[in-house]
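Novice: What follows is a structure written as structure tokens; I'll ask about it next.
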Amino acid sequence: MSVRHALLAFLSEGPKYGLQLRQEFEESTGEVWPLNVGQVYTTLQRLERDGLIESDDGEDETGPQKVFRITEPGRTELDQWLSTPPDMTQPPRDELVIKVLSALRVPGVSVHDIIQVHRRYLVELMQQWTRLKEDEADFDLTFALVGDAEVFRLDSVVRWLDAADSRLKRAALEAPSAKPAPLIRRRLVTRR
Amino acid sequence: MSVLRLHRVSKSYGEGETLVWALDDIDLSVEAGELVAVMGPSGSGKSTLLTIAGSLEEPSSGEVFIGGAALSQMLRNDKARLRRRSIGYVFQDFNLLPGLSAVENVALPLELDGVPARRAHRAGLASLERVGLADRSGRYPDQLSGGERQRVAIARALVGERRLLLADEPSGALDSKNGEAVMRLILGACRAGVAAIVVTHDAHLAAWADRVVLLRDGRLAEHGDRERSEPSVATPQL
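Heads up: the sequence lines are chains F and W, in that order. First residue of the first sequence: 996, per this note's numbering; consecutive thereafter. First residue of the second sequence: 81, per this note's numbering; consecutive thereafter.
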């Protein structure tokens, strides 16, 4: 999560105070990602140092406050960030994938049982998110979006476990004595 | 007392070398007001579990109890009456009769059970109202969207005094929005006291259930209970 760019996005709506930005950040993520005040001000200082925002001394009902506004280079940086896909060419070092691959090598361990343990855990997490969504979705659009993202992410992992389970079963039936295939290094290349 | 209880239920097909166990020593209970999802890949035995739970098929061994009554001890006519009065079925492909309007489809199980037509029609309208389709009562299935057809099928499954709802991939033919709407309706029926089993391969839909049962190669693996999550499961931090 880029706090830096999220703050630029809030400032693109107009000048704001630091505390106001923190509150808007938490609201906009359905309060799923808490953000401490120190992190907000450190990020704002860096944005100002880089010329992406500027500040004036202002005042609100609690007294003197620094008010921040986005600059032209800040707006350009924000537009570029929004339309640049995150780098997904390299698979992440996923601990669950590594656990399943490792289970294949451990004598006396059923990889299917290992898959089932993880499937169960993920489905329970999905139940918890779905319950939260069920209670909150009608009232809070941002929370519903974040909840959907999390449920779909967990669902994709469950689908991978299902696919791995059936691929391993097929492999065991088709080639019970096959040796492991030679390692082939492959690299994903995408045009940006 | 559980609305549905499967006690040591097994089901096999074929014999000798071709013998296959579709279900192997299944114990499962569903209480009034509870939504249970049976989740597993195709071929895991989940549809067999549903047909046996709904008395559409008999187990090779073990016993099925509905409302405490053992199905194996019932006469054929009593079982048929139980199916008509107490159990509602929802299928992936809706199974609506194309020549009947929405309300006629919903009222049909009652009419087949001898309920006078006018009373059955009133109950059909009330059931359509529960799924938010009272204004579509006169439409025929081909005049309804896929999501609406499945809602009519749910209204039919709930019409009258049904205690047990059995759904086989009820949102399989629907997009995610309509699939979610179907699960919300089934959950709503459970909150009103119905016991329900939904079988699905889709974790996204199973996650709506109070309890998720994982089925693999005809055997129950574990139960996920969203009310009683175990300490090892982290609660989403909000």
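C-beta atoms are modelled at their ideal positions from N, C-alpha and C, and glycine is treated no differently.
1) Name the chain F residues whose beta carbon is nearer than 7 Å to that of residue 288 (chain W)?
2) Taking 7 Å as the threshold (C-beta atoms), are residue 127 (chain W) and residue 248 (chain W) in contact?
3) If I measure Cβ to Cβ from residue 1069 (chain F) and keep anything under 6 Å in the same chain, skipping five residues before and after, which residues do I get?
4) Within 10 angstroms of its Cβ, does residue 1006 (chain F) collect 16 or more other Cβ (buried), or is it exposed?
5) Could you name the residues of the same chain whose beta carbon sits closer than 6 Å to that of residue 1014 (chain F), not counting the 5 residues immediately before and after it, in chain order?
6) Within its chain, find whatever has a CB closer than 6 Å to the CB of residue 221 (chain W); leave out the 5 residues flanking it on each side and keep chain order.
7) Determine whether the Cβ of residue 121 (chain W) lies closer than 7 Å to any Cβ atom of chain F.
8) Please confirm if residue 292 (chain W) has its CB atom under 7 Å from at least one CB of chain F.
9) Beta carbon of residue 274 (chain W), beta carbon of residue 245 (chain W): below 7 Å?
10) Which ranges does the alpha helix (DSSP H) cover as unbroken runs of at least 4 residues, wholly within the region 188 to 255 of chain W, from first to last along the chain?
11) Taking Cβ positions only, does residue 1083 (chain F) come closer than 7 Å to chain W?
12) With a Cβ-Cβ cutoff of 7 Å, do residue 183 (chain W) and residue 205 (chain W) count as a contact?
13) Excluding the five sequence neighbours on either side, which residues of its own chain have a C-beta within less than 8 Å of the C-beta of residue 271 (chain W), listed in chain order?
14) Under 8 Å Cβ to Cβ from residue 137 (chain W), same chain only, skipping five residues before and after it: list those, please.
15) Strictly by DSSP, which residues pair up with residue 114 (chain W)?
16) In the DSSP assignment, find the beta strand (DSSP E) that holds residue 145 (chain W) and state where it starts and stops.
17) Within 10 angstroms of the Cβ of residue 181 (chain W), are there 16 or more other Cβ atoms? Answer buried if so, exposed if not.
18) My assumption, with CB atoms under 8 Å, is that residue 115 (chain W) sits in contact with residue 266 (chain W). Please give the rounded CB distance.
19) Using a beta-carbon distance below 7 Å, is residue 1034 (chain F) in contact with chain W?
20) Cβ atoms of residue 240 (chain W) and residue 203 (chain W): under 7 Å apart, would you say?
21) Residues of chain F with a CB under 9 Å from the CB of residue 161 (chain W): which are they?
Specialist: Per the coordinate set shown:
1) 1125
2) yes
3) 1003, 1047, 1048
4) buried
5) none
6) 176, 178, 229
7) yes
8) yes
9) yes
10) 197 to 210, 226 to 238
11) no
12) yes
13) 113
14) 91, 128, 131
15) None, per the DSSP bridge assignment.
16) 141 to 146
17) buried
18) 6 Å
19) no
20) yes
21) Within 9 Å Cβ-Cβ: nothing; residue 161 (chain W) doesn't reach chain F, min ~35 Å.
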